[in-house]
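J.: Numbering (the UniProt record's numbering), first residue to last: 1 to 94.
For glycine and all other residues, C-beta sits at the position ideal for the given N, C-alpha and C.
In this text, all values refer to a predicted model and were calculated from it rather than measured experimentally.
1. In this structure, how does DSSP classify residue 46 when only helix, strand and coil are distinguished?
2. State the Cα-Cα distance for the pair residue 77 and residue 59, rounded to the nearest angstrom.
3. Compute the Euclidean distance between the alpha carbons of residue 31 and residue 43, then round it to the nearest angstrom.
4. If you check the beta carbons only, do residue 8 and residue 29 fall under 8 Å apart?
5. Out of 49, 89, 22, 24, point me to the one whose CA is closest to residue 61's CA.
6. I think residue 46 touches residue 84, with their Cβ atoms under 8 Å apart; what is that distance to the nearest whole Å?
7. Using a Cβ-Cβ cut-off of 7 Å (strictly less than) and excluding sequence neighbours within five positions of residue 26, which residues of its own chain qualify?
8. Report the rounded CA-to-CA distance for residue 72 versus residue 19, giving the unit in angstroms.
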């Protein structure tokens with residue numbers, strides 16, 4: 001699938017059809033700019049209890065207000081579209 005992108009530190013960050021940002025692309029942009037390390041990958045970010053609570057709160061809010069429920073977090077393992085995808089608030093938090 002062809003995704004629209006935004007540029008962060010000279011790195012293209014993909015945005016999916018539901019407006020979720022690819023956190024792996026954001027991580028690559030931060031590493032390229034010297035602002036993150038390999039240990040700060042999205043998979044490590046998602047293990048935090050605080051982030052798990054934040055995602056649960058986002059899911060609850062989305063269920064209350066939307067006819068089309070957009071999951072705040074989507075993880076795709078393998079393939080060309082693989083990665084961790086998060087809504088804007090989650091991307092900002094990352």
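T.: Quick look at the numbers:
1. It is coil, neither helix nor strand.
2. Using only the alpha carbons, I get a separation of about 21 Å.
3. Residue 43 has its alpha-carbon roughly 15 Å from the corresponding atom of residue 31.
4. A contact, by the Cβ cut-off of 8 Å.
5. Residue 61 has its Cα closest to that of 89, out of 49, 89, 22, 24.
6. About 7 Å separates the beta carbon of residue 46 from that of residue 84, a gap short enough to meet the 8 Å contact definition.
7. Within the same chain, residue 26 has close Cβ partners 8, 13, 91, 94.
8. Cα to Cα, residue 72 sits roughly 10 Å from residue 19.
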